[in-house]
Each structure stands twice: as structure tokens, then as C-alpha cells.
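Heads up: the sequence shown begins at 4 in the working numbering, then just goes up one per residue.
A virtual CB, placed ideally from N, CA and C, is assigned to each residue, including glycine.
Presented below is the structure to which this report refers.
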Amino acid sequence: TNDAPSAIPRLIDIGVQPFLVASSLRAIMAQRLVRRICPNCREPAELTEPEMRALRIDPGQVRDAQVMRGKGCDQCRGSGFKGRMGIFEIFVLDDEVRHMINKRSSTLNLRQRARELGMRTLREDGIRKVLAGQTTADEVISTTLGDVS
Numbered sequence: 004t005n006d007a008p009s010a011i012p013r014l015i016d017i018g019v020q021p022f023l024v025a026s027s028l029r030a031i032m033a034q035r036l037v038r039r040i041c042p043n044c045r046e047p048a049e050l051t052e053p054e055m056r057a058l059r060i061d062p063g064q065v066r067d068a069q070v071m072r073g074k075g076c077d078q079c080r081g082s083g084f085k086g087r088m089g090i091f092e093i094f095v096l097d098d099e100v101r102h103m104i105n106k107r108s109s110t111l112n113l114r115q116r117a118r119e120l121g122m123r124t125l126r127e128d129g130i131r132k133v134l135a136g137q138t139t140a141d142e143v144i145s146t147t148l149g150d151v152s
């Protein structure tokens with residue numbers, strides 16, 4: 004699935020009874036891998052206007068950020084990246100969500116409830132990692148293309 008909330012209807016679609024889903028799940032996690040900036044050749048960088056627009060980043064968020072990019076070196080074979088890291092989305096279920104599952108609520112309604120409960124989306128976790136200098140905006144944009152929250 005593309006996100007944590009959509010895993011619930013998917014489980015029901017493959018034949019798991021809603022009451023079993025509701026009573027068995029405590030949390031659901033979605034993850035994607037993004038390339039990690041090479042620690043050997045990383046250097047400070049700035050986000051472009053198109054990147055900030057695509058990620059819906061307020062310029063004020065970037066003020067204290069440590070945005071980086073890899074310029075390419077022998078250790079990363081000129082790519083600027085070395086290794087991968089996860090971006091995550093964790094949906095912790097409450098009694099209201101369990102009730103929604105039993106009623107077969109839509110993915111949209113489940114996603115709205117997840118946001119009300121404070122779930123950080125894959126894209127939001129990716130943005131945090133861009134601003135911490137761990138990966139690039141392009142990586143997060145391409146990996147979370149369907150996530151516009």
C-alpha cells in the first residue's frame with residue numbers, strides 16, 4: 004500500500020474479517036527507502052524554490068536547517084549517496100479507529116483520523132530528514148510522489 008491507513012482496507016480486501024482487523028491491530032507502519040547522502044563528500048546546500056514548493060516547505064522552516072548534498076567522491080562512486088535509510092509513517096489505532104474499521108470506513112476517513120491522532124506522513128518524515136541533512140529533497144519527492152499531505 005502507499006500509506007499506513009490504506010493497509011486496513013487492504014487487509015479486509017484480502018479476506019480478513021473487519022472485527023479481526025479491529026481487535027488485532029495496535030499500530031500500522033508504512034516505510035520507504037531513500038538514498039542517504041554520502042558522509043564523505045556531503046556539503047551544505049540550499050533548497051530550490053521548486054523543491055520547497057513541491058514539498059510544501061515554508062521558507063521559515065529552512066532557516067535553522069542543515070540541508071546537504073553529496074558532491075560525489077570515490078567512496079560513493081560519484082553519486083553523492085552512500086547507503087539507504089527509511090522514512091516512516093506510524094498509525095497508532097484508538098477505539099474510534101477500531102469502530103471505523105468495523106463500519107468499513109473509507110481509506111480517506113481512516114487517513115483523516117490518523118492525522119487527527121498526530122500521524123506524521125511519509126513525506127513529512129522525509130522532510131525532517133532533508134532538513135537534518137540526511138537525504139535530499141529530490142529523493143523524498145520521488146519516493147513520496149503520491150503523498151501530498
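- With fewer than three CB-CB distances shorter than 8 Å, the segment 63–76 does not count as touching the segment 99–117.
- Secondary structure at M32: strand, using DSSP grouped into helix, strand and coil.
- T138 and I93 have their C-alpha atoms spaced approximately 20 Å apart.
- Secondary-structure assignment with DSSP links M88 through a beta bridge to V37.
- Ranking E127, A57, P47 by CA distance to the CA of G89 puts E127 first.
- In the structure shown, M122 falls within a coil segment according to DSSP collapsed to helix, strand and coil.
- Between P47 and I40, the alpha-carbon positions lie close to 11 Å from each other.
- Check the Cα spacing between I130 and each of C76, H102, I60: the tightest is with I60.
- Using a Cβ-Cβ distance cut-off of 8 Å, the segment 98–113 and the segment 80–88 are not in contact, since fewer than three pairs of beta carbons, one from each stretch, lie closer than that value.
- Cβ-Cβ distances below 8 Å link T147 to R35, I90, T124, L125, R126, G129 in the same chain, with the five nearest sequence neighbours on each side left out; the list follows chain order.
- Taking every protein chain shown into account, the CB of D6 has 16 or more other CB atoms within 10 angstroms, so this residue is buried.
- Taking a 10 Å sphere around the C-beta of E142, we find 16 or more other C-beta atoms and assign the residue as buried.
- Here P8 is buried. Its C-beta has 16 or more other C-beta atoms within 10 Å.
- Here DSSP, grouped into helix, strand and coil, assigns P47 to strand.
- Put simply, the backbone Cα of A10 is about 14 Å away from that of L23.
- Taken through DSSP and simplified to helix, strand or coil, V100 comes out as helix.
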